[in-house]
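Below: one structure, written as C-alpha cells.
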C-alpha cells in the first residue's frame with residue numbers, strides 16, 4: 035500500500051461520523067392515587083390549642099341538618115367522598131375536615147409533631163384525645179355560617195366515632211351522632227363512660243359483620259346506649275364487610291340507609307339487619323361485668339381506615 039492511499043484511508047476514518055448515542059431510557063411512570071375531592075368549599079379554621087385545620091364545607095338547604103364528619107386514624111376527609119356526595123344530593127350540609135396530623139391539617143403548633151404517626155401518648159397527655167379540640171373548632175366554624183346548634187350533628191368513623199361520642203357526651207346541644215366502627219378504646223380514646231353520659235338523644239352505630247373485634251365492641255356500646263338513651267333512640271345497623279368509611283365501597287346502599295335515618299333519627303333505620311339488636315354474648319343479655327370491660331379496655335392495636 036502506498037503512502038498516499040494510507041493517508042486517504044486514515045482521513046476517511048477520522049471524518050466518519052460517530053455512532054448515535056442510544057436513546058435515554060424514559061423514567062418509569064408512577065401512577066398517583068387519584069383523590070376525589072368533596073363537593074363544597076375548602077375552608078380553614080384553628081383549634082384553641084393552635085392547630086390549623088383544613089376542611090370542605092357545604093351548606094345545607096333550609097330545614098336540613100348539617101353533620102361534622104370525622105375520618106378514621108391515618109385517613110383524610112376525602113374518605114367520606116361517596117357519603118358526602120349523597121348528602122349533597124339530598125340537600126344535607128356537612129363539614130368534613132382533616133383531623134390534626136392528617137391530610138392538609140399538618141400545621142402543628144411550634145415544638146409539636148405535625149404528623150399522626152409521630153404522636154405519643156403520655157400520662158396526662160394524648161394528642162388523639164386532644165382531637166376533641168378539633169371538633170370544637172369545627173362546630174364553632176359552622177356556627178359562624180349561621181347553622182343553629184339543634185341542626186348540627188356529628189358523624190365519625192373509627193377513632194372519629196370515638197371522638198364524636200366523647201364530644202357529644204359533654205355537649206348536650208348535639209342532637210344526634212352517627213358512629214361507624216366505634217370501639218371501646220382507640221389509642222386511649224375511651225367510649226364506655228361517654229356512652230353512659232350521652233343522654234336522651236338518638237345514636238346510630240354502624241358496623242360490619244366481618245370486623246370481628248369492632249362488632250363485639252359496637253354491640254357492647256349499643257347496650258350501653260339503650261341504657262343511656264332508651265331503646266327507642268338507640269339503633270344498631272350492620273353490613274357484611276369492611277371497616278369505617280370503607281364499608282360504603284362494599285355496601286352501595288349503606289349510605290342511603292344511614293341518611294334515611296339522619297333525616298328521621300327517631301325512626302327505625304330502613305332495612306335494619308337481622309339480629310342487629312341482639313345482645314352480645316354475655317350469657318344473660320346484661321351489660322358486661324367490670325372485669326370483662328377492663329379486659330376490653332386494654333390498649334388497642336392500631337386499626338387504620
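Residue numbers (the working numbering): 35 to 339. Ideal Cβ positions, reconstructed from N, Cα and C, are used throughout, including at glycine.
Range of the contiguous beta strand (DSSP E) that encloses residue i
i	result
residue 165	Taken as a continuous stretch (DSSP letters only), residue 165 belongs to no beta strand (DSSP E), as it is neither H nor E.
residue 214	211–214
Residue(s) in a DSSP beta bridge with residue i
i	result
residue 80	86
residue 392	A query on residue 392 cannot be resolved here, the shown segment of the chain reaching from 35 to 339 and no further.
residue 232	Answer is none; residue 232 lacks a bridge partner.
residue 136	139
residue 102	129, 188
residue 75	91
residue 220	223
residue 159	156
Local conformation of residue i per DSSP, three classes
i	result
residue 225	coil
residue 108	coil
residue 367	Not covered by the structure: residue 367. The range shown for the chain is 35 to 339.
residue 124	helix
residue 69	coil
residue 258	helix
residue 251	helix
residue 310	Bear in mind that a pLDDT of 43 at residue 310, under 50, signals an unreliable position, so the model cannot answer this.
residue 151	helix
residue 48	The pLDDT assigned to residue 48 is 44, lower than 50, so where the model puts this residue is not dependable, and the model offers no usable value.
residue 176	helix
residue 263	helix
residue 119	helix
residue 276	coil
residue 113	helix
residue 10	Because the chain here runs from 35 to 339, residue 10 falls outside it and cannot be looked at.
Alpha helix (DSSP H) segment containing residue i, residue limits
i	result
residue 288	288–297
residue 193	193–203
residue 283	281–284
7 Å Cβ cutoff, residue i in contact with chain B
i	result
residue 228	No chain B is part of this structure, which consists of one protein chain only.
Proximity winner among the options, relative to residue i (alpha-carbon distances)
i	options	result
residue 116	290, 233, 100, 262	290
residue 159	100, 256, 201, 222	222
residue 271	261, 299, 220	299
residue 232	84, 198, 161, 242	198
residue 68	261, 194, 113, 297	113
residue 90	208, 73, 186	73
residue 208	86, 99, 80	99
residue 261	108, 181, 275, 237	237
residue 144	292, 84, 251, 70	84
residue 5	273, 253, 81, 103	Because residue 5 is not part of the residues shown, which for the chain are 35 to 339, the question remains open.
residue 110	220, 191, 217	191
residue 266	188, 95, 235	235
residue 296	195, 168, 185, 202	185
residue 240	179, 288, 137, 140	288
residue 136	130, 275, 294, 107	107
residue 220	101, 165, 147, 70	165
residue 252	172, 127, 264, 212	212
residue 294	126, 148, 217	126
residue 263	156, 276, 282, 229	229
residue 178	93, 283, 268, 206	93
residue 256	246, 248, 268, 247	268
residue 162	194, 174, 187, 176	194
residue 200	275, 141, 225, 249	225
residue 148	134, 244, 157, 155	134
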